[in-house]
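> Let me give you the structure first, and then I'll get to my questions.
In our numbering, the protein residues as written are 2 to 462.
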């Protein structure tokens, strides 16, 4: 049972008693027209002079005889009760949240804007779940719903914070650092939170400025230039502007042509996301398939195997992809079956898989094993026989155990472990032979095959 009621109830009781005692001590004994000695409070209504006949104290003016009596000792007691109330409430807050939640948000924003305090910004983001909201939204962007402003800041505070962040990022242009990329991510989030085009326009213009700066450095062949990866990552991802996705695709295209694999991956990932609903970005993805860099073709095939592109360009995509099973790179050929899976019917894909399971091409062989593994993994667990898995699939998986490609063997072992034992048992001799043939670097695969063989031995005759 929660004890919150005990803490908050005690704090409220102490506050009420302290407030009542304070009011009584300061205002309960007013003169109400009576003359009283301000020192001993003796009744001086009948006194002909301004000197108290009780204590001898003399005032200079008659109006001082009409003062309200203040009981300062009780004021101290009431202040102690109010302090106790605040301490109880503060203790409970710091136990469930942090002491920073006691500082007004406006004070924290002002501390960051005028004092340059990164600590104030950190404290602001730590409370109210703001950091969680930023990360959750940006992870799903650009297809996430707009975030809701329900985490403790008023709209004017959000706008003031966004303006402060943008001013910080613009102090030393161009700024390319982990700090500035983090600040831009927050501005980006606030713009969508408030649906404020002015904030988004300012943020995007700053992103474009920094991207142009990076382009210039890359084009000048400054090989020693190595900006923080997180900063470039943020710039590329946040260049996704749904109001102008075609321009966004063009904005990150120079990174595709760079020789830096990490830049290529981030930029192609961004364009593939835009290609789902934008024709220009979709055409960019198709253009990558004939790129002179093997890494660009490989990454383009990888992302095309994970998600579709705009429907207006799909037919052209299939025409371009169709002959790529002959690409000179096995890494490109490896993703060819995955890309074709979204084009072919189930029957056509099954026929292609059966054909490629018997191929000697290492790229196609690994690619089709990946699609078979996905198919077996997705089978309905209520079907213990996996009736939809043809016998030729199991035969091809067992045959792949004998290949000299480490990735092929590892994928084949993982897939075989998912096949029902009573269907794999007929291949026991081949599995044992493959187990003995596997080299020393496959300890995990050997253990998985040993488990398969153990289960086969335990089958009833």
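Even glycine gets a Cβ: it sits at the ideal position worked out from N, Cα and C.
Taking residue 269 as the reference, give the member of 280, 293, 303 and 279 with the closest Cα.
Among 280, 293, 303 and 279, the Cα nearest to that of residue 269 is on 303.
> Could you check whether residue 185 and residue 1 sit closer than 8 Å to each other, using their CB atoms as the reference points?
No statement about residue 1 is possible, as the shown extent of the chain runs from 2 to 462 and does not include it.
> What number of angstroms, rounded off, separates the C-alpha of residue 378 from the C-alpha of residue 328?
Spanning the two alpha carbons is a distance of roughly 29 Å.
> Using only alpha-carbon positions, find the residue among 456, 211 and 403 that is nearest to residue 434.
Comparing Cα-Cα distances from residue 434 to each of 456, 211 and 403, the minimum goes to 403.
> Helix, strand or coil: which one does DSSP assign to residue 202?
Three-state result, residue 202: helix.
> State the Cα-Cα distance for the pair residue 42 and residue 11, rounded to the nearest angstrom.
Roughly 36 Å between the two C-alpha positions.
> Per the DSSP calculation, residue 52 is bridged to which residue(s)?
59, per the DSSP bridge assignment.
> CB-CB under 7 Å to residue 1, same chain, minus the five flanking residues each way: which ones, in chain order?
Here the chain comprises residues numbered 2 to 462, so residue 1 is not present and cannot be evaluated.
> Run through DSSP, which three-state label would residue 114 get?
Residue state, collapsed to three classes: helix.
> For a minimum of 4 consecutive residues, which ranges assigned as the alpha helix (DSSP H) are wholly contained in the region 286-342?
Entirely contained in the region 286-342, the alpha helix (DSSP H) runs reaching 4 residues are, in chain order, 295-305, 315-322, 331-335 and 337-342.
> Just to confirm before moving on: does the CB-CB distance between residue 429 and residue 454 stay below 8 Å?
Result yes, Cβ atoms of residue 429 and residue 454 sit closer than 8 Å.
> Taking just the CA atoms, how far does residue 110 sit from residue 364?
Taking the straight line from one Cα to the other gives about 55 Å.
> Taking three-plus beta-carbon pairs below 8 Å as touching, is the region 186-202 in contact with the region 155-162?
Yes, since at least three Cβ pairs between the region 186-202 and the region 155-162 fall closer than 8 Å, the two stretches touch.
> Would you report the Cα separation of residue 352 and residue 408, rounded to the nearest angstrom?
Going from the Cα of residue 352 to the Cα of residue 408 covers about 23 Å.
> What residues in its chain sit with their C-beta under 6 Å from that of residue 141, if we drop five residues either side in the sequence?
Caution is warranted here: a pLDDT of 48 is assigned to residue 141, below 50, making its placement in the model unreliable, and no coordinate value can be reported.
> Check residue 44 in the structure and name its three-state DSSP category.
DSSP places residue 44 in strand when its eight states are reduced to three.
> Can you grab the Cα-Cα spacing for the pair residue 330 / residue 289, in whole Å?
Distance between the alpha carbons of residue 330 and residue 289: 14 Å.
> For residue 342 versus residue 372, is the C-beta distance shorter than 8 Å?
A contact, by the Cβ cut-off of 8 Å.
> According to DSSP, is residue 186 part of a helix, a strand, or is it coil?
Residue state, collapsed to three classes: helix.
> Which residues share a DSSP beta bridge with residue 70?
Beta-bridge pairing links residue 70 to 30.
> Distance, Cα to Cα, residue 143 vs residue 210?
Here residue 143 scores only 49 on pLDDT, less than 50, and its place in the model should not be relied on; the value that follows carries that caveat. Taking the straight line from one Cα to the other gives about 21 Å.
> Run through DSSP, which three-state label would residue 37 get?
Here residue 37 sits in strand by DSSP.
> Hey, would you say residue 106 sits closer than 8 Å to residue 122, going by beta carbons?
It is not a contact, given that the beta carbons lie outside the stated cut-off.
> Just to confirm my understanding: we take residue 61, look at its own chain, exclude 5 residues before and 5 after, and list those with CB closer than 8 Å. What are they?
So the qualifying residues of the chain are 51.
> Along the chain, where does the alpha helix (DSSP H) containing residue 256 start, and where does it finish?
First-last of the alpha helix (DSSP H) with residue 256: 246-257.
> Would you tell me roughly how many angstroms separate the C-alpha atoms of residue 59 and residue 35, rounded to the nearest one?
Going from the Cα of residue 59 to the Cα of residue 35 covers about 17 Å.
> Can you give me the C-alpha to C-alpha distance between residue 316 and residue 249, rounded to a whole angstrom?
C-alpha separation (whole angstroms): 24 Å.
> To which residues of the same chain is residue 333 closer than 6 Å at the C-beta, ignoring the five residues directly before and after it?
For residue 333, where only same-chain residues beyond five positions count, the Cβ hits under 6 Å are 298, 299 and 302.
> Can you find the residues in the same chain that come closer than 8 Å, C-beta to C-beta, to residue 439, ignoring five residues on each side of it along the sequence?
Excluding positions up to five away in sequence, the list reads 402, 410, 446, 447 and 450.
> DSSP three-state label for residue 430, please.
Note: residue 430 maps to helix in three-state DSSP.
> Can you tell me whether residue 359 is buried or exposed, with buried defined as 16 or more other CB within 10 angstroms of its CB?
Exposed, because fewer than 16 other Cβ atoms sit within 10 Å of the Cβ of residue 359.
> So, with DSSP's three-state summary, where would you put residue 156?
Reduced to three states, the DSSP call for residue 156 is helix.
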